[in-house]
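2 protein chains.
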Amino acid sequence: MNAMNKAAKEKLKIENLLCFSIYSATHAMNQVYKPLLKKIGLTYPQYLVMVALWNEDEQTVGQLGDLLILESSTLTPLLKRLETRSHVKRQRDPIDERKVIVSLTQSGRSLQTKADDIPSCILNASKFNIDQVIKLHEQIIELRDNLLTIG
Amino acid sequence: MNAMNKAAKEKLKIENLLCFSIYSATHAMNQVYKPLLKKIGLTYPQYLVMVALWNEDEQTVGQLGDLLILESSTLTPLLKRLETRSHVKRQRDPIDERKVIVSLTQSGRSLQTKADDIPSCILNASKFNIDQVIKLHEQIIELRDNLLTIG
DNA sequence: CGAATTTATATCGCGCACGATATAAATAAG
DNA sequence: CTTATTTATATCGTGCGCGATATAAATTCG
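Structure, rendered in C-alpha cells:
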C-alpha cells in the first residue's frame, strides 16, 4: 500500500466514524431522556409526537410523519399506544375519510406541564452552551438534509 | 408570561431540536447506508460489527459491546445472525469459559473488499468536506460522552 | 358516469435496542 | 474447601423503524 492509499483510507475511516458518532449519540441521548420520560410514561418517539401536538393540536398522521420523518408503519402503532393511555384521540377526517386526525385529550395536554423541565435537564446533561447547541444543530440539520436528498 | 420566560422557552426549544436533529440524522444516515449494505447483505449495526472485526479480529462480545456501546441483549442475536450467514464464528474462550470470542470467517474477511467503496459513497452523500466532517465528528463525540457521564 | 390511478393509513415481518432477569463460570471471602 | 459475589453472555418482553403490501377513500381520465 502506497502513501496515497493510506491517506485515502484515513479519510474514509474518519468519515466512517462520523456516522458511528451520530448513531451512538442517538443512543446516549435516549439514555438521558429515558429516566426523565419514564416519570410521565413516555418513550422518546412518543414524546416527540406529544411535543408536535403541544405546538399544534389536531394534526393528521401524515403531517406528523412529515414533521418527524417517520412512516405510517411506525406512527400508527405508536399513536395507538398513546391512545390506549388516553393521551391522544384518533378520528377520521369527516371531509376526507382517508385522513386520521390526531388530537390531544385533557390528559395529553396536562402532560405538557409535567414535561416542562425536561429540555433544561437535557441541556444541562449536554454540558454545552446555547451557542454551541445552535451551531451543532444547524450542522446536523444540514448533514441530515444532504443525506435525505440523494434521489 | 414575561420576557424572561419567553427567552428561556426559546432556548429550551432550540435545545430540544438538537436532540431531534441527531435522532433524525441517524435515520437519514441509515437510509443512505441501506441500499449500499443491501448489496452485501448487511444491516448498519451488522456493518459496524464487521468494521470492528476487520480492524481487529477475535474480539469478545464484551469488547464489541464496549466499542459499539451496545448490550449483550442486542449483540448476541445480531452475532447469531452474522454466524448464520457464516460471516463470523462464535466460540467460548477455553481459558475463560464465560467469554465468547467472535472471529471472522473467510466469507467475513472477503466482505471487506466488497464494502471498500461504502465510506466514500457516504462522504459524497453528506456533501461535507473532510474538515467539516472532522469538526462535526469531534463535537458529536463530545456531546455523546457528556451525555453518557451523567451517573 | 365508471375505470384507473393516486393518496392516506394500516398491517405484517424482520431486525435492532434495552431493561430485567437467568445462567454459568470465575473469583473472593470466610 | 465451601459459600458468596462478581463477571460474561444469553433470554425474554416491549417498543421502535422500515420495506412491502393491503385497503379504502378521493381524484383523474376517458
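Just so you know, the protein sequences line up as chains G and E, in that order.
Mapping the first sequence onto our numbering, position 61 (from 1) lands on 232, and the numbers just tick up by one.
Mapping the second sequence onto our numbering, position 34 (from 1) lands on 205, and the numbers just tick up by one.
The beta-carbon is built from N, C-alpha and C at its ideal position, and this holds for glycine as well.
Source: prediction; values computed, not measured.
- Under the DSSP assignment, Arg252/E falls in the alpha helix (DSSP H) whose first and last residues are Ser243 to Thr255.
- Closer than 8 Å to the CB of Leu307/E there is at least one CB belonging to chain G.
- For Ile312/G, the enclosing alpha helix (DSSP H) has its first and last residue at Ile301 to Leu319.
- Neighbourhood of Ala196/E in chain G, by CB distance below 7 Å: Ile193, Ile311, Leu314 and Arg315, in chain order.
- Annotation: the continuous alpha helix (DSSP H) that includes Lys285/E extends over Gln277 to Lys285.
- Put simply, of Leu219/E, Leu189/E and Ser278/E the residue whose alpha carbon is nearest the alpha carbon of Asn201/E is Leu219/E.
- Interface with chain G (8 Å Cβ-Cβ cutoff): Lys298/E is included.
- With a contact defined as Cβ atoms closer than 8 Å, Lys260/G and Thr276/G qualify at about 6 Å.
- Residues of chain E with a Cβ closer than 9 Å to the Cβ of Pro248/G do not exist; the shortest Cβ-Cβ separation is about 17 Å.
- Glu268/E and Gln283/E have their C-alpha atoms some 30 Å from each other.
- With fewer than 16 other CB atoms across the displayed protein chains lying within 10 angstroms of its CB, Arg263/G is exposed.
- Between Ser257/G and Ser278/G, the gap from beta carbon to beta carbon is short of 8 Å.
- Close partners of Val222/E in chain G (Cβ separation under 8 Å): Asn187.
- Per DSSP, the continuous alpha helix (DSSP H) segment holding Gly233/E begins and ends at Val232 to Leu239.
- If you look at Leu213/G, you'll find it isn't in any alpha helix (DSSP H); DSSP assigns it neither H nor E.
- Spanning the alpha carbons of Glu227/G and Gln217/E requires a straight line of approximately 39 Å.
- Secondary structure note for Arg263/E: its beta strand (DSSP E) is the uninterrupted segment Val259 to Arg263.
- For the C-beta of Ala199/E, the chain G residues within less than 7 Å are, from N- to C-terminus, Arg315, Leu318 and Leu319.
- For the options Tyr194/E, Leu213/E, Thr245/E and Val271/E, the alpha carbon positioned closest to that of Gln230/E is the one of Val271/E.
- Residue contact check for Pro265/E against chain G: no CB pair falls below 8 Å.
- Linking Asp302/E to Gln310/G through their CA atoms gives a straight-line distance of about 13 Å.
- Sequence-distant partners of Leu253/G (beyond 5 residues in either direction) whose C-beta falls short of 7 Å from its own C-beta, in its chain, are Gln217, Val220 and Val259.
- In this structure, Lys298/E keeps its C-beta atom at 8 Å or more from the C-beta atom of Asn187/G.
- With a threshold of 8 Å between beta carbons, Val273/G makes no contact with chain E.
- Within chain E, the C-beta atoms nearer than 7 Å to that of Ile240/G come from Ser195 and His198, in chain order.
- About 13 Å separates the beta carbon of Ala223/E from that of Leu213/E, a gap too long to meet the 8 Å contact definition.
- From the beta-carbon of Leu213/E, no residue of chain G is found nearer than 8 Å; the closest lies around 14 Å away.
- Take Ala296/G, set aside five residues on each side of it, and the residues of its chain with a beta-carbon closer than 6 Å to its own are Val203, in chain order.
- With respect to the C-alpha of Lys209/E, the residue from Lys285/E, Asn300/E, Thr320/E and Arg315/E having the closest C-alpha is Lys285/E.
- Rounded to the nearest whole angstrom, the C-alpha separation of Ala196/E and Pro265/G is 35 Å.
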